[in-house]
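Read the structure below first, then the notes.
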Amino acid sequence: KCSVQSSCRPAPAQCMMTVCQEERGCGNGRESPRVSESGCLDVGAFRNFEPLLAASQEYARLSGCRFRSGSFDGIAGSRTRTNGSLISSSSWPADKEAEQRRAAKLLAAPQVCTFTARLQRECPEQELVEELEKAHRTAVAECVRNGMIAMCRKLELWPPLPSPSSVDADDCSYEDVSAPVPVVAQRLFNDEARRERCRAALGGHCPLSRKASTAAFLLDFADGAGVRLPEMPDTFTMMVEEFTERSSEWEQEQLEERLRKQEQQEHSDNPFVEPGTFLHSTGQFFSVSLGGNVLYATVTATGDLFRGGGKALVGGSASCFLREKIGEKNSREENNHDYF
24 KCSVQSSCRP APAQCMMTVC QEERGCGNGR ESPRVSESGC LDVGAFRNFE
74 PLLAASQEYA RLSGCRFRSG SFDGIAGSRT RTNGSLISSS SWPADKEAEQ
124 RRAAKLLAAP QVCTFTARLQ RECPEQELVE ELEKAHRTAV AECVRNGMIA
174 MCRKLELWPP LPSPSSVDAD DCSYEDVSAP VPVVAQRLFN DEARRERCRA
224 ALGGHCPLSR KASTAAFLLD FADGAGVRLP EMPDTFTMMV EEFTERSSEW
274 EQEQLEERLR KQEQQEHSDN PFVEPGTFLH STGQFFSVSL GGNVLYATVT
324 ATGDLFRGGG KALVGGSASC FLREKIGEKN SREENNHDYF
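First residue of the sequence shown? That's 24 in the working numbering, and the numbers climb one at a time after it.
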């Protein structure tokens with residue numbers, strides 16, 4: 024197999040934004056000035072594969088912009104992946120439903136055959152290898168972006184509310200994952216909004232999305248031709264790992280904050296506690312109904328108050344004052360140890 028080694032070297036965290044912006048053809052959140060011709064494949068993005076991409080436009084439209092090598096089995100002018108021999112189309116089905124797909128495949132087949140042979144040479148042309156490296160970086164950058172968006176949706180930060188005041192409407196620099204998670208989420212949301220504006224202005228086509236889809240199509244083709252693709256570049260691996268870690272930390276912080284607020288609300292709304300309930304407090308006063316008896320507990324140090332089974336339990340290191348009133352009888356007990 025031919026091996027495509029990525030030229031994307033490990034970069035420090037502060038360089039991630041520059042690397043990703045180069046792959047998406049923009050910087051500082053601004054639009055790419057180039058708008059290619061219509062079609063789901065961006066023919067101009069990978070010039071050395073332009074004949075293949077141009078011939079495959081209709082096939083890509085029908086296949087969801089993905090290349091499947093098995094689609095060309097049995098097509099005249101194409102070669103099998105295993106032995107490279109030409110196959111006759113005499114047995115090709117003639118049903119009308121497949122006619123459009125058949126025509127698209129026949130149109131693309133000659134270039135599929137040509138470029139497959141060029142990539143399967145012992146020493147493929149350097150221009151093609153470099154173009155596949157470029158396609159690989161572009162596709163990986165898009166995959167990382169999509170994964171980050173999915174994470175933001177999971178965290179209910181799509182968009183974050185309220186919007187971080189430090190993020191401008193045209194700030195799309197989501198690649199800086201050292202920023203707070205809501206800031207990264209807002210920048211991602213801004214970037215997606217920018218793409219939507221592109222689609223609206225260009226009849227449904229966004230240059231950045233088309234380039235990424237074209238890169239994925241080329242990688243599918245290279246894999247079908249037997250080219251060994253590289254692993255994810257370290258730059259993007261670091262980016263994913265850092266964002267995943269920071270997202271998990273942020274999610275845990277939000278969970279703890281919600282639980283803390285919920286507990287405070289329950290304490291303020293429910294002075295009478297049902298049996299089997301734990302209360303955690305420092306220096307707070309609780310009044311617990313004990314079926315005619317009233318138990319008062321003042322916890323002067325951190326501890327837990329548990330009401331259950333007809334008795335109260337004050338656990339932890341706490342100095343407590345308990346007063347139980349039974350009818351007209353009052354009794355007072357005071358100590359500096361736990362009460363059971």
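Glycine included, C-beta positions come from ideal geometry on N, C-alpha and C.
Q: Starting from the C-beta of ARG222, find all residues in its chain whose C-beta is less than 6 Å away, skip the five residues before and the five after it, and write them out in chain order.
A: CYS229
Q: Starting from the C-beta of PRO33, find all residues in its chain whose C-beta is less than 7 Å away, skip the five residues before and the five after it, and write them out in chain order.
A: Because the pLDDT at PRO33 is just 41, under 50, the model does not fix this residue reliably, and the point stays unresolved.
Q: Take the Cβ of CYS195 as the centre, count every other Cβ of all protein chains shown within 10 Å, and call the residue buried at 16 or more, exposed below.
A: Per the 10 Å Cβ criterion, buried.
Q.
Less than 7 Å between the C-beta atoms of PHE69 and GLU154, yes or no?
A. yes
(Q) Please report the straight-line C-alpha distance between LEU241 and GLU274, rounded to a whole angstrom. (A) 37 Å
Q) Taking DSSP as the reference, what is the three-state secondary structure of VAL251? A) Contrary to the premise, residue 251 reads as Arg rather than Val in this sequence. DSSP places ARG251 in strand when its eight states are reduced to three.
Q) Just curious, the alpha helix (DSSP H) that VAL135 is in, first and last residue? A) Taken as a continuous stretch (DSSP letters only), the alpha helix (DSSP H) holding VAL135 covers 122 to 142.
(Q) Beta-carbon within less than 7 Å of CYS175's beta-carbon, same chain only, minus the 5 sequence neighbours each way: which residues are those? (A) TRP181, ALA208 and LEU211
Q. Is the region 188 to 203 touching the region 276 to 288 in the sense that three or more CB pairs, one from each, lie closer than 8 Å?
A. no
Q. Which one of VAL200, ARG251, GLY226 and VAL206 has the shortest CA to CA distance from GLU265?
A. VAL200
Q) When you compare each of GLU219, GLY62, ALA164 and VAL163 to SER86 by their alpha carbons, which one comes out closest? A) Closest option to SER86, Cα to Cα, is GLY62.
(Q) So VAL167 and VAL263 are supposed to be a Cβ contact under 8 Å. How far apart are they, rounded? (A) 6 Å
Q. With burial defined as no fewer than 16 other Cβ atoms inside 10 Å of the residue's Cβ, what is the status of PRO205: buried or exposed?
A. buried
Q | Rounded straight-line distance, which links the Cα of ARG218 to that of GLU198 | A | 16 Å
Q. The alpha helix (DSSP H) spanning SER86 covers which residue range?
A. It spans 80 to 86 - the alpha helix (DSSP H) in which SER86 sits, taken as one unbroken run.
Q: Have a look at PHE72 and GLY170 and give me their C-alpha separation to the nearest angstrom.
A: If you take the alpha carbons of PHE72 and GLY170, they lie about 28 Å apart.
Q) Cα separation between MET255 and GLU286? A) Here the C-alpha atom of MET255 lies approximately 45 Å from the C-alpha atom of GLU286.
Q | C-alpha gap between THR237 and PRO147, whole angstroms | A | 21 Å
Q. Quick one: what does DSSP say LYS24 is sitting in, helix, strand or coil?
A. With a pLDDT of only 48 at LYS24, under 50, the local geometry of the prediction cannot be trusted, and the value read off the model is given with reservation. Coil, per DSSP.
**Q.** Assigned secondary structure, ASP243 (DSSP; H/G/I helix, E/B strand, else coil)
**A.** helix
**Q.** Buried or exposed by the 16-neighbour rule on C-beta atoms within 10 Å, applied to PRO183
**A.** buried
Q) Thinking C-beta only, is ALA131 closer than 7 Å to SER79? A) yes
Q: Can you grab the Cα-Cα spacing for the pair LYS128 / LEU252, in whole Å?
A: 25 Å
**Q.** Assumed close pair PHE138, GLY247 - CB separation to whole angstroms, cut-off 8 Å
**A.** Not quite, the Cβ-Cβ distance comes to about 10 Å (not below 8 Å), so this is no contact.
Q | Residue from ASP96, SER291, HIS290 and GLU81 whose Cα sits closest to the Cα of GLN123 | A | GLU81
Q: Please confirm whether ALA239 and ALA162 have their CB atoms less than 7 Å apart.
A: yes
Q: Identify whether LEU184 lies in helix, strand or coil by the three-state DSSP scheme.
A: coil
Q | Straight-line Cα distance separating SER291 from SER232 | A | Answer to the nearest angstrom: the Cα atoms are 52 Å apart.
(Q) Buried or exposed for LYS271, going by 16 or more other Cβ atoms inside 10 Å? (A) The question names Lys, but residue 271 is Ser in the sequence shown. That one is exposed.
Q: Taking PRO74 as the reference, give the member of GLY226, PRO185 and PRO133 with the closest Cα.
A: When only C-alpha atoms are compared, the closest one is PRO133.
Q: Work out the CA separation of GLN288 and GLY226 for me, nearest whole Å.
A: 51 Å
Q: Name the two residues that bound the continuous alpha helix (DSSP H) containing SER176.
A: With the sequence shown as reference, residue 176 is identified as Arg, and Ser is not the correct amino acid for it. Start and end: 149 to 177.
Q.
For a test of the three-state rule: what should DSSP assign to ALA216, helix, strand or coil?
A. helix
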